[in-house]
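A.B. asks: This structure is in structure tokens; I'll ask about it shortly.
Residue numbers (this note's numbering): 273 to 438.
Given below as structure tokens:
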């Protein structure tokens, strides 16, 4: 790696991550996937800005993402990625994406097939860029959070470097 690239990667070392749990049923006490994301990302050296809960409402989700994007390098939303009438996370985010990261959702579904079979194809996990912030939407289950962490933890610093320093 070139010296200047090393310097930029050091700048990316302090990657700030915000977590949004979209739910109509969970509370701060009962939400397990958001707590797992918060714990593992913190232990992996990321600066977790906190975990916020919001209801499955397109306008509320858009507002929270726009507000958090002013301080976070990465936002992970958990919940609301299915196909039911109450799932609005992806519907809120897709129009906001300035760049789409289709490989993230594809990888989530491939790994999900191994875990839950064909039901994984009902997931609308996705990733994109909003205002120079990486945004990832994952299902609200613990297994989806674990899968997302396997994908994201090793690559977020590099992704932030690519987005902000190249």
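Just so it is clear, CB atoms sit at the ideal spot from N, CA and C, and this is done for glycine as well.
Quick check: the Cα distance between residue 286 and residue 318, rounded to an integer number of angstroms?
C.D. replies: Roughly 6 angstroms between the two C-alpha positions.
A.B. asks: Where does the unbroken alpha helix (DSSP H) through residue 332 begin, and where does it stop?
C.D. replies: From DSSP, the alpha helix (DSSP H) with residue 332 extends over 330–340.
A.B. asks: Using the rule of at least 16 other Cβ atoms within 10 Å of the residue's Cβ for burial, across every protein chain shown, is residue 345 buried or exposed?
C.D. replies: Result: buried.
A.B. asks: Residues in its own chain within less than 8 angstroms of residue 307 by CB, not counting five upstream and five downstream?
C.D. replies: Once the five neighbours on either side are set aside, the close Cβ partners of residue 307 are 323.
A.B. asks: Provide the residue span of the alpha helix (DSSP H) that contains residue 437, from first to last.
C.D. replies: First-last of the alpha helix (DSSP H) with residue 437: 428–437.
A.B. asks: On the CB-based measure, 16 or more other CB atoms within 10 Å of its CB, does residue 430 come out buried or exposed?
C.D. replies: Residue 430 should be labelled exposed.
A.B. asks: State the DSSP-derived secondary structure class of residue 376, mapped to helix, strand or coil.
C.D. replies: Correct three-state label for residue 376: helix.
A.B. asks: Which of the three DSSP states, helix, strand or coil, is assigned to residue 315?
C.D. replies: Reduced to three states, the DSSP call for residue 315 is helix.
A.B. asks: Provide the residue span of the alpha helix (DSSP H) that contains residue 410, from first to last.
C.D. replies: Run containing residue 410: none in the alpha helix (DSSP H); it sits in the beta strand (DSSP E), 405–410.
A.B. asks: Whole angstroms are fine: how far does the CA of residue 389 sit from the CA of residue 336?
C.D. replies: About 33 angstroms.
A.B. asks: Which whole-angstrom value describes the C-beta separation of residue 292 and residue 340, a residue pair presumed to lie in contact below a C-beta threshold of 8 angstroms?
C.D. replies: Residue 292 to residue 340, Cβ: 7 angstroms. Contact.
A.B. asks: Classify residue 298 as helix, strand or coil using the three-state DSSP reduction.
C.D. replies: DSSP places residue 298 in coil when its eight states are reduced to three.
A.B. asks: Is the separation between the beta-carbon of residue 351 and that of residue 361 shorter than 8 angstroms?
C.D. replies: It is a contact, given that the beta carbons lie within the stated cut-off.
A.B. asks: Could you check whether residue 294 and residue 338 sit closer than 8 angstroms to each other, using their CB atoms as the reference points?
C.D. replies: Going by C-beta atoms, residue 338 is not nearer than 8 angstroms to residue 294.
A.B. asks: Tell me whether residue 425 sits in a helix, a strand or coil according to DSSP, three-state version.
C.D. replies: Residue 425: coil per DSSP, three-state reduction.
A.B. asks: Look at the alpha carbon of residue 435 and the alpha carbon of residue 385, and state the distance between them as a whole number of angstroms.
C.D. replies: Cα to Cα, the separation comes out at about 30 angstroms.
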